[in-house]
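Position in the sequence shown (from 1) plus 2 gives the number in the working numbering.
Note that beta-carbon positions come from the ideal geometry of N, C-alpha and C, so glycine has one too.
Okay, structure first, notes after.
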Amino acid sequence: GLVLSRLSRLSADVSRIGPGGDPAAQVSMPGRDELSGLAAAINGMLAGLQDSQRSLRQARDELEIRVQERTAELAQATQPEREQRQLAERLREQTEQRLQRLTILRTIDMAITASFDLRVTLEVLLDQITVQLHVDAADILLINPQTQLLEHAASKGFRTDALHHTHLRLGQGYAGRVA
Numbered sequence: 003g004l005v006l007s008r009l010s011r012l013s014a015d016v017s018r019i020g021p022g023g024d025p026a027a028q029v030s031m032p033g034r035d036e037l038s039g040l041a042a043a044i045n046g047m048l049a050g051l052q053d054s055q056r057s058l059r060q061a062r063d064e065l066e067i068r069v070q071e072r073t074a075e076l077a078q079a080t081q082p083e084r085e086q087r088q089l090a091e092r093l094r095e096q097t098e099q100r101l102q103r104l105t106i107l108r109t110i111d112m113a114i115t116a117s118f119d120l121r122v123t124l125e126v127l128l129d130q131i132t133v134q135l136h137v138d139a140a141d142i143l144l145i146n147p148q149t150q151l152l153e154h155a156a157s158k159g160f161r162t163d164a165l166h167h168t169h170l171r172l173g174q175g176y177a178g179r180v181a
């Protein structure tokens, strides 16, 4: 009874925050058991999400200011018209690239907000990685804290399930060296 009521309360708190909810909200679960640990982990993810959203807004605002400044510089510059057009085109391309990156970050951010299921988040991340890097396949390995081994967490585009059985020591192979 007590565990189910605490679990129900935790579920209600998470549902209240839900997709599109306020990442500044917190879930409350007093105690020192697994449920309170889960609540603390959720609160940590919400705080990280809030920081990400704040950084994303700040980056967008800074980018808009830079574009306005550059546009004003171009309007006042005494360069020949051809050079001005080339510079404006480069700035437009840079702005589009940054906007695309911000859009990708927002998509990943929305996946994190919409679901606390790590698999869903990793799938969205893999989708964005393969599109952005123009690759056919990608794999995500996560470190297992107990074994200190890198283990398969998610993959996309591979024709075999062999990677699902991956266990690499830190320093082993390219992935182990990067980690």
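Residue i classed as buried or exposed, judged by whether at least 16 other C-beta atoms fall within 10 angstroms
i, result
"S7", "exposed"
"A77", "exposed"
"I19", "buried"
"M112", "exposed"
"A41", "buried"
"V29", "buried"
"L9", "exposed"
"L4", "exposed"
"A128", "In the sequence as presented, Ala is not what sits at residue 128; that position holds Leu. The residue is buried, with at least 16 neighbouring Cβ atoms inside 10 Å."
"L120", "exposed"
Residues near residue i in its chain [Cβ-Cβ closer than 6 Å; skip 5 each side]
i, result
"N146", "E153"
"D141", "S157, L165"
Limits of the alpha helix (DSSP H) - the one that residue i falls within
i, result
"R11", "4 to 19"
"L151", "Looking at the DSSP string, L151 is not in any alpha helix (DSSP H); the run it does join, the beta strand (DSSP E), is 151 to 158."
"D129", "120 to 135"
"A188", "Residue 188 lies beyond the residue range present for the chain, which begins at 3 and ends at 181; the question has no answer from this structure."
Residue i: first and last residue of the uninterrupted beta strand (DSSP E) it sits in
i, result
"A77", "Careful: A77 lies outside any beta strand (DSSP E), inside the alpha helix (DSSP H) at 36 to 78."
"A113", "Segment 83 to 116 is the alpha helix (DSSP H) holding A113; no beta strand (DSSP E) there."
"D24", "No beta strand (DSSP E) contains D24, which DSSP labels as neither H nor E."
"R171", "169 to 171"
"A140", "140 to 146"
Cut-off 8 Å between Cβ atoms - residues of its own chain near residue i, not counting five sequence neighbours on either side
i, result
"M47", "I114, F118"
"H166", "H154, S157"
"L51", "P25, D111, I114, T115"
"N45", "Q28, V29"
CB-CB length for residue i against residue j, believed under 8 Å
i, j, result
"L193", "R100", "Because the chain is modelled from 3 through 181, residue 193 falls outside the range shown and cannot be assessed."
"T109", "Q130", "6 Å"
Own chain partners of residue i with C-beta closer than 7 Å, once the 5 adjacent residues on each side are dropped
i, result
"D15", "V29, S30"
query: So does the segment 117 to 134 actually touch the segment 85 to 98, counting three or more Cβ pairs closer than 8 Å?
result: no
message: Check whether the segment 53 to 63 and the segment 147 to 166 touch, using three or more Cβ-Cβ pairs below 8 Å as the test.
response: no
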